[in-house]
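Under this note's numbering, the first residue of the sequence shown is numbered 547, with each subsequent residue one higher. For reference, the structure discussed in these notes is given below.
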Amino acid sequence: EDLHLSSIAGAVARDANFVDVDLHGTVLTLSDLKGSNLQGIDLTDTLSDRVNFQNTDLRNAILVNMIASGSSFAGARIEGADFTFAVLDSDDIKNLCKVAEGINPKTGIATRDSLECSDQGGGYKPPMPGT
Numbered sequence: 547e548d549l550h551l552s553s554i555a556g557a558v559a560r561d562a563n564f565v566d567v568d569l570h571g572t573v574l575t576l577s578d579l580k581g582s583n584l585q586g587i588d589l590t591d592t593l594s595d596r597v598n599f600q601n602t603d604l605r606n607a608i609l610v611n612m613i614a615s616g617s618s619f620a621g622a623r624i625e626g627a628d629f630t631f632a633v634l635d636s637d638d639i640k641n642l643c644k645v646a647e648g649i650n651p652k653t654g655i656a657t658r659d660s661l662e663c664s665d666q667g668g669g670y671k672p673p674m675p676g677t
């Protein structure tokens with residue numbers, strides 16, 4: 547499915563199947579995706595304000611440049627997800643770093659590196675776009 551550049555507000559899509567859906571550039575606000583299968587989803591450049599990502603399957607997802615303020619990722623499976631330049635709440639980053647592993651098959655970026663998990667002495671710091 548190609549739903550990029552859409553605007554989705556207030557959606558209730560618990561336990562839905564969004565495998566490999568292209569949502570890049572989407573505005574996704576006040577939505578409940580709890581328990582949904584989001585494997586391989588492309589959420590690049592999305593505004594995901596106050597979205598419930600609890601217990602979702604985000605394996606191999608691309609969340610580059612995503613703004614996810616006020617969202618919750620508690621219990622999400624994130625193996626291979628790429629969060630490079632994503633804006634997440636600090637508690638989410640801390641909790642996601644506890645379970646982060648894998649490398650995204652499309653971007654080649656390790657999940658731990660994209661979250662800038664620092665338990666290994668510094669972590670990955672990607673270059674800023676345009677530099």
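Every residue gets a Cβ at the ideal spot worked out from N, C-alpha and C, and that includes glycine.
Pick helix, strand or coil for residue i, following the three-state DSSP scheme.
| i | result |
| --- | --- |
| Arg-688 | Only positions 547 to 677 of the chain appear in this structure, which leaves residue 688 out of reach. |
| Asp-635 | coil |
| Thr-657 | helix |
| Arg-623 | strand |
| Gln-666 | Unreliable placement is indicated for Gln-666, whose pLDDT of 49 sits below 50; the coordinate value is still reported in the next sentence. Reduced to three states, the DSSP call for Gln-666 is coil. |
Identify every residue that forms a DSSP beta bridge with residue i.
| i | result |
| --- | --- |
| Asn-641 | Paired residues: none, contrary to the question. |
Tell me, to the nearest whole angstrom, how far the beta carbon of residue i is from that of residue j; I am working on the premise that it is less than 8 Å.
| i | j | result |
| --- | --- | --- |
| Pro-628 | Asn-650 | Pro is not the amino acid found at residue 628; the sequence shown has Asp there. That pair is a contact at about 4 Å. |
| Ser-582 | Asp-561 | 6 Å |
Are the beta-carbon atoms of residue i and residue j separated by less than 8 Å?
| i | j | result |
| --- | --- | --- |
| Ala-614 | Gln-600 | no |
| Ser-594 | Ser-618 | no |
| Ala-607 | Ile-639 | no |
| Ala-555 | Thr-572 | no |
| Leu-609 | Leu-579 | no |
Short of 7 Å in beta carbon distance, which residues of its chain neighbour residue i, apart from the five on each side in sequence? Order them along the chain.
| i | result |
| --- | --- |
| Glu-625 | Arg-605, Glu-647, Gly-648 and Thr-657 |
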